[in-house]
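The sequence shown lines up with residues 22 to 101 when you count with the numbering used here. Encoded as structure tokens, the structure appears first; notes follow it.
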Amino acid sequence: MTKAKSTTHETTEKVADKAHDAVDSAAEKAARAEERLREASEQGHDVLTAVSDYVKENPLTALGLAFAAGTIFSSITRRR
């Protein structure tokens, strides 16, 4: 192999190694992000279940809270 081909081959190998490192890093970050999203989804589901159970057990209180929240939200948005 000539020196030019050897240098080209070495450069190609270095670039390939860097590309592999970048792909591995991106895959690790994507896996961590997926895990955080999965945990958030589970937490959201737990909160939704808790709220649903509360509303089923306390429908009048839930209705009163919804009315109060709507009234407060309406008064805040009207002032702007």
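C-beta atoms are modelled at their ideal positions from N, C-alpha and C, and glycine is treated no differently. Here the structure is a predicted model, which means the values were calculated and not measured.
Alpha carbon of Ser27 to alpha carbon of His66, nearest angstrom: Their Cα atoms are separated by approximately 58 angstroms.
Where Arg100 falls: helix, strand or coil (DSSP): Secondary structure of Arg100 (DSSP, three-state): coil.
Separation of Pro80 from Ser62, as counted between CA atoms: The alpha-carbon atoms of Ser62 and Pro80 are separated by roughly 26 angstroms.
Separation of Lys50 from Glu31, as counted between CA atoms: Answer to the nearest angstrom: the Cα atoms are 29 angstroms apart.
Cβ separation of Tyr75 and Ala83, assumed to be a contact under 8 angstroms, to the nearest whole Å: Contact flag correct, Cβ pair sits at about 7 angstroms.
Same chain, Cβ closer than 6 angstroms to Arg59, five either side skipped, listed in chain order: So the list is empty, once near-sequence residues are dropped.
Residues near Glu55 in its chain [Cβ-Cβ closer than 6 angstroms; skip 5 each side]: Close CB contacts of Glu55 within its chain, under the 6 angstroms cut and outside five residues either way in sequence, are absent.
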